[in-house]
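Residue numbers for the sequence shown follow this note's numbering, so the first one is 355 and each next one is one higher.
Glycine included, C-beta positions come from ideal geometry on N, C-alpha and C.
Scroll down for the structure; my scribbles are underneath it.
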Amino acid sequence: MSCVHYKFSSKLNYDTVTFDGLHISLSDLKRQIMGREKLKAADCDLQITNAQTKEEYTDDSALIPKNSSVIVRRIPIGGVKATSKTYVISRSEPVSGTSKAIDDSSASISLAQLTKVYIYIFLSNTLKSVCFLVLN
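Right, dumping it as structure tokens:
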């Protein structure tokens, strides 16, 4: 019996897939790993990388030699989709006191900036409520 050692990138220990022959196809290896780990093919795909050479196996008919060690990563079906939209937070409407999202491809805001703006808006609205209660 031949084997391939695999581990998920987030784990410390290797598990083993056994098969007959000198090599296993990438599609067969993925199928066996998904079966052992109780993963559904409809939910995700597996990215397989050689642990020694860091070569990523992309062709499902690629042959992986026996006694190889591979690193496995779960990836969404179809890969990660890039978005072309960016959003800017604006305080241009002081009447409602809420933020407004504007679709603008020339401007961008980082997640950290967005978080700061959200916290600022939340705190300012909370303080307005507290001040209103104190004054009344």
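Quick one: what does DSSP say D414 is sitting in, helix, strand or coil? Here the question's residue 414 lines up with position 60 in the sequence shown. Coil.
* Where does I387 sit, in a helix, a strand or coil, going by DSSP? -> Position 33 of the sequence shown, counting from 1, holds the residue named residue 387. The answer is helix: DSSP assigns I387 an H, G or I state.
Nearest residue (CA-CA) to D413, options S363, D382, T407 and A395: Here residue 413 refers to the residue found at position 59 when the sequence shown is read from its first residue. Answer by Cα proximity: D382.
- Query: DSSP on L380, reduced to helix/strand/coil?
  - Reply: The residue given as residue 380 occupies position 26 in the sequence shown. Note: L380 maps to helix in three-state DSSP.
What residues in its chain sit with their C-beta under 6 Å from that of F373, if we drop five residues either side in the sequence?
Within the sequence shown, residue 373 is the residue found at index 19, counting from 1. The residues are S356.
message: Just verifying my parser: in three-state terms, what is the DSSP assignment at Y360?
response: For this step, residue 360 is matched to residue 6 along the sequence shown. Three-state result, Y360: strand.
For the putative contact between I429 and Q386, defined by C-beta atoms under 8 Å, what is the C-beta separation to the nearest angstrom? Within the sequence shown, residue 429 is the residue found at index 75, counting from 1. Within the sequence shown, residue 386 is the residue found at index 32, counting from 1. That belief does not hold up - the Cβ atoms of I429 and Q386 are roughly 18 Å apart, past 8 Å.
Measuring alpha carbon to alpha carbon, tell me which residue in N367, R390, K361 and L376 is nearest N421. As a working note, residue 421 is residue 67 in the sequence shown. Measuring from the Cα of N421, the nearest candidate turns out to be L376.
Beta-bridge partners of L400, as assigned by DSSP: Within the sequence shown, the letter at position 46 stands for residue 400. Paired residue(s): R428.
ask   = Per DSSP, D374 forms a beta bridge with which residues?
value = For the purposes of this step, residue 374 is taken as residue 20 along the sequence shown, with counting starting at 1. D374 pairs with nothing; no bridge assigned.
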